[in-house]
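Below: the structure, in structure tokens.
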Amino acid sequence: MLDAKQYASRNSCANSSSGVLRRLLRSETGNVMALTAAATLPMLAVIGGAVDISRIYLTKSRVQAACDSAVLAGRKAMSTTTYTDAAKGRARSMFNFNFQEADYAATGTTFLTSADAKGKVSGTATTSIPMAVMGMFGAGPANLSVTCSADIQVPNIDIVMVLDVTGSMNDCPEGKCGSGDERKIDSLKAAAKTFYATLKKEMAGNTTSQIRYGFVPYDQAVNGADLFSSTPDQTKGQLPLSYLNDSMVVQSRVAVFTNVVQWVPDRTASVTIFEQTYDSGSADSKKPFKAVTNGGTDISNSNCTNYAKNSNFGSVTLLSGGSSVLYQKGSDAGTETLQTSAPTTGTSYTKTTFERVSPTWSNGSKKCTRRVIQKKYIKQKGYQFRHWSYEPTTYSVANFKNGNSINYNTAIVDPEYTLTEEEYAATGNDGKLDLVELAQLPYQTGLTTAASSKWDGCLEERNTVPATSFAPIPSGALDLDFISGGTSNELRWRPSLLDLTYYRSSSAAVTNTNISATRSNLDYSCPTAKMRNLNPMTETEFGTYIDSLQPGGYTYLDVGMVWGLRMISPQGMFASRNLTGPNGGQIDRYIIFLTDGVPVSRGNSYTAYSVEDMAKRITGTTGKQPAELHALRFQALCDAMRSKVNIWAIAFGTSVEGNLSACADTGRALQADKKEDLEKAFTDIAKQIADLRLVQ
14 MLDAKQYASR
24 NSCANSSSGV
34 LRRLLRSETG
44 NVMALTAAAT
54 LPMLAVIGGA
64 VDISRIYLTK
74 SRVQAACDSA
84 VLAGRKAMST
94 TTYTDAAKGR
104 ARSMFNFNFQ
114 EADYAATGTT
124 FLTSADAKGK
134 VSGTATTSIP
144 MAVMGMFGAG
154 PANLSVTCSA
164 DIQVPNIDIV
174 MVLDVTGSMN
184 DCPEGKCGSG
194 DERKIDSLKA
204 AAKTFYATLK
214 KEMAGNTTSQ
224 IRYGFVPYDQ
234 AVNGADLFSS
244 TPDQTKGQLP
254 LSYLNDSMVV
264 QSRVAVFTNV
274 VQWVPDRTAS
284 VTIFEQTYDS
294 GSADSKKPFK
304 AVTNGGTDIS
314 NSNCTNYAKN
324 SNFGSVTLLS
334 GGSSVLYQKG
344 SDAGTETLQT
354 SAPTTGTSYT
364 KTTFERVSPT
374 WSNGSKKCTR
384 RVIQKKYIKQ
394 KGYQFRHWSY
404 EPTTYSVANF
414 KNGNSINYNT
424 AIVDPEYTLT
434 EEEYAATGND
444 GKLDLVELAQ
454 LPYQTGLTTA
464 ASSKWDGCLE
474 ERNTVPATSF
484 APIPSGALDL
494 DFISGGTSNE
504 LRWRPSLLDL
514 TYYRSSSAAV
524 TNTNISATRS
534 NLDYSCPTAK
544 MRNLNPMTET
554 EFGTYIDSLQ
564 PGGYTYLDVG
574 MVWGLRMISP
584 QGMFASRNLT
594 GPNGGQIDRY
604 IIFLTDGVPV
614 SRGNSYTAYS
624 VEDMAKRITG
634 TTGKQPAELH
644 ALRFQALCDA
654 MRSKVNIWAI
664 AFGTSVEGNL
674 SACADTGRAL
684 QADKKEDLEK
694 AFTDIAKQIA
704 DLRLVQ
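Shown next as structure tokens:
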């Protein structure tokens with residue numbers, strides 16, 4: 014306990030201190046210096062800590078980047094799942110290149126890597142950095158540790174190869190083919206196989222991602238024979254046959270009949286054909302023609318004509334009375350006059366005509382044939398063939414698309430071919446019979462032998478509208494719709510029907526009295542290789558398919574691209590198999606589009622848009638050339654799917670500028686002038702697709 018003196022002394026000190034403080038508070042002289050001095054050390058600690066923490070973060074970030082790049086390099090150096098010493102050395106070199114201790118005043122840096130059985134490379138990096146400022150306050154060095162790993166962890170991959178198989182692919186890459194030169198189609202086959210092998214190597218060790226391949230070989234059409242089925246296999250990506258129309262308009266021809274005659278052939282009476290054939294052979298039984306006329310010279314047209322005019326036919330049995338008479342060309346020898354035109358009275362008559370068949374070769378002998386033809390005519394109402402009308406004609410293809418044959422008749426060989434009233438009524442009384450209806454007539458004498466046709470797999474595109482602008486794509490241009498399936502007549506495709514298609518000189522109907530007019534001037538090509546939807550393939554399966562490619566036809570870029578987009582789209586017809594991978598993972602989508610030329614079309618070509626000159630489905634009244642409009646359609650398709658599909662475009666033996674460079678993604682338009690260029694292009698694409706991804 015303080016005594017009074019002590020208390021007074023202590024109180025005096027307190028009073029003295031408080032007085033000093035009070036004076037300091039009242040005085041402004043020297044305060045800033047004192048306060049600054051008092052705060053210096055804490056401020057140094059805060060600033061130093063911030064500086065050192067920044068150095069720690071910077072160094073750790075650099076170590077992490079070096080670690081990531083190192084294991085990635087090590088994994089890339091592995092050709093299998095085995096982590097070789099060379100791969101380890103590559104990882105170590107990459108780490109040392111990207112992190113050097115001197116740059117960060119680091120010490121004791123270590124970097125260790127290893128790989129698991131699946132080829133995943135993992136690494137751990139450690140280092141130590143001294144504290145630049147906090148060391149003055151007694152802080153020790155900071156020890157840093159990071160981990161990293163790299164694997165081929167690409168997502169599921171879909172690749173559709175849209176490949177030009179036009180006729181020019183049978184040429185050589187650098188001009189005229191010489192002896193032993195490889196043609197472009199062979200270079201393509203080799204490059205495509207290299208692509209598969211490269212991707213397979215790059216993906217070594219990957220067991221979780223799925224790779225699927227699809228193919229669209231194209232020229233002026235595509236072959237969908239394996240894509241449509243009456244019992245579609247969903248696992249193969251097949252579509253139902255109901256996606257194809259049951260009837261379609263064909264640029265064909267119909268036989269026109271009129272009721273301008275009253276005398277018609279009596280079908281109940283047989284037609285007598287008396288025939289003699291003289292052979293240039295030497296056997297007496299053949300009545301050698303050369304022995305009769307010119308002492309052994311081969312038969313000529315004039316020989317045959319002279320003999321037909323000047324030699325007797327022999328006995329001919331007439332329909333009218335059963336008598337036998339001797340007929341000679343150019344005369345009416347015998348007891349009965351030849352009836353060559355219809356009489357003015359009576360209800361029936363017999364008409365006799367002569368024919369001469371020009372010399373033909375048969376089994377090494379040359380033959381001259383002459384015939385006497387007799388027909389009985391009766392007086393009744395009939396409808397006689399008058400001419401062909403070349404015009405759009407609707408045919409049923411309900412069975413044709415299912416693989417069944419269509420029977421049809423190509424021509425009328427008898428200009429007097431006549432329908433009965435009942436047969437005429439079956440035409441709907443319009444007097445027109447199409448080629449299928451002709452083959453169904455009960456009376457076939459006078460018609461060519463009926464032929465049959467089976468679907469070759471090529472497709473006509475669905476409804477469209479002529480247009481010159483495609484931004485946006487016109488709503489009526491359903492041929493450019495790569496999402497919707499063929500669920501309505503407007504959206505359905507049609508099977509190509511070549512055998513019933515005829516060329517004419519204008520879009521309007523054209524008549525022709527030539528009873529045997531042929532399908533001349535019609536250019537048609539259907540790729541032999543069928544489209545194949547996205548599915549996994551072994552290397553052997555891939556190679557077998559690629560080897561089936563054969564060149565022919567013209568270049569329709571839009572026809573190839575639209576089917577490539579249809580196959581790969583995550584929406585629409587194939588959404589159930591394209592939206593996600595089998596493991597539930599995402600899908601990266603790639604189209605590799607190859608061509609060796611610019612868009613080419615011909616007016617007389619039967620293509621995916623029927624015959625250009627006649628159907629005018631693309632040009633309409635635009636005044637534009639078909640090739641120009643097909644190029645615009647191609648570009649519109651490229652633009653429409655750009656954000657969802659990665660597009661590479663390869664120009665083989667042609668310029669990549671224009672359509673192709675505008676279609677491809679940036680940096681992905683490639684030009685290949687020769688085989689080596691093409692193989693490099695496919696190899697580079699495969700490596701980019703298999704680009705390694707970091708995982709943690």
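If you're matching positions, the sequence shown starts at 14 in our numbering and goes up one per residue.
Even glycine gets a Cβ: it sits at the ideal position worked out from N, Cα and C.
On the DSSP letters alone, give me the boundaries of the alpha helix (DSSP H) that residue i sits inside.
i: N546; result: Here N546 belongs to no alpha helix (DSSP H); instead the beta strand (DSSP E) covers R545 to N548.
i: C161; result: Unbroken run through C161 is the beta strand (DSSP E), A155 to D164; no alpha helix (DSSP H).
i: I496; result: Looking at the DSSP string, I496 is not in any alpha helix (DSSP H), and its letter there is neither H nor E.
i: S200; result: K197 to E215
i: Y437; result: E434 to A439
i: Q104; result: Going by the sequence as given, residue 104 is Ala instead of Gln. Per DSSP, A104 belongs to the alpha helix (DSSP H) from D98 to N111.
i: Y256; result: Element bounds for Y256: n/a, residue is neither H nor E.
i: Y558; result: E552 to D560
Going by C-alpha to C-alpha distance, which of the options sits closest to residue i?
i: I170; options: K687, D678, N659 and A685; result: N659
i: A439; options: P428, L451 and Y430; result: L451
i: L691; options: G250, T635 and E187; result: E187
i: L703; options: R196, D81, D571 and S222; result: Sequence check: residue 703 is Ala here, not Leu. When only C-alpha atoms are compared, the closest one is S222.
i: F495; options: A204, L650, Q453 and S520; result: L650
i: S466; options: V426, P508 and T458; result: P508
i: R646; options: V611, D571 and S402; result: D571
i: S265; options: K202, G441 and T406; result: T406
i: D447; options: E435, I425 and T458; result: I425
i: D239; options: N672, D678, V76 and W468; result: W468
i: D512; options: S623, T667, A130 and K73; result: S623
Kindly identify the DSSP beta-bridge partner or partners of residue i.
i: K389; result: T363
i: K445; result: V269
i: Y619; result: Y537 and V624
i: E187; result: Beta-bridge pairing links E187 to no other residue.
i: F695; result: Answer is none; F695 lacks a bridge partner.
i: L176; result: P230 and L607
i: V753; result: Here the chain comprises residues numbered 14 to 709, so residue 753 is not present and cannot be evaluated.
i: L472; result: P508
State the start and end residues of the unbroken beta strand (DSSP E) segment that holds residue i.
i: R399; result: Y396 to S409
i: Y226; result: I224 to Y231
i: F665; result: N659 to F665
i: T137; result: V134 to I142
i: I604; result: I600 to T608
i: A685; result: A682 to A685
i: G636; result: Element bounds for G636: n/a, residue is neither H nor E.
i: L125; result: T120 to A128
i: S465; result: A464 to S466
i: I419; result: I419 to Y421
i: V523; result: V523 to N525
i: V277; result: W276 to P278
I'd like to check one pair, residue j with residue i: are the Cβ atoms closer than 8 Å?
i: R399; j: V269; result: yes
i: A771; j: L683; result: Because the chain spans 14 through 709 in this model, residue 771 falls outside it and cannot be assessed.
i: N272; j: K388; result: no
i: G227; j: M580; result: yes
i: F124; j: A138; result: yes
i: Y390; j: K364; result: yes
i: A640; j: I486; result: no
i: D560; j: R615; result: no
i: P278; j: E474; result: no
i: D609; j: D177; result: yes
i: D164; j: R88; result: yes
i: V263; j: T514; result: yes
i: G577; j: V229; result: yes
i: L257; j: R545; result: no
i: F483; j: V175; result: no
i: N412; j: V449; result: no
i: I600; j: P168; result: yes
Could you round the C-beta distance between residue i and residue j to whole angstroms and report it? I think they count as a contact, below 8 Å.
i: V410; j: D184; result: Incorrect: roughly 36 Å between the Cβ atoms, too far for contact.
i: D232; j: T281; result: Contact doesn't hold; Cβ gap of about 53 Å is too wide.
i: F108; j: A90; result: Contact doesn't hold; Cβ gap of about 13 Å is too wide.
i: Y558; j: T620; result: Contact flag wrong, Cβ pair sits at about 24 Å.
i: N111; j: A155; result: Not a contact, Cβ separation roughly 20 Å.
i: A662; j: L673; result: 4 Å
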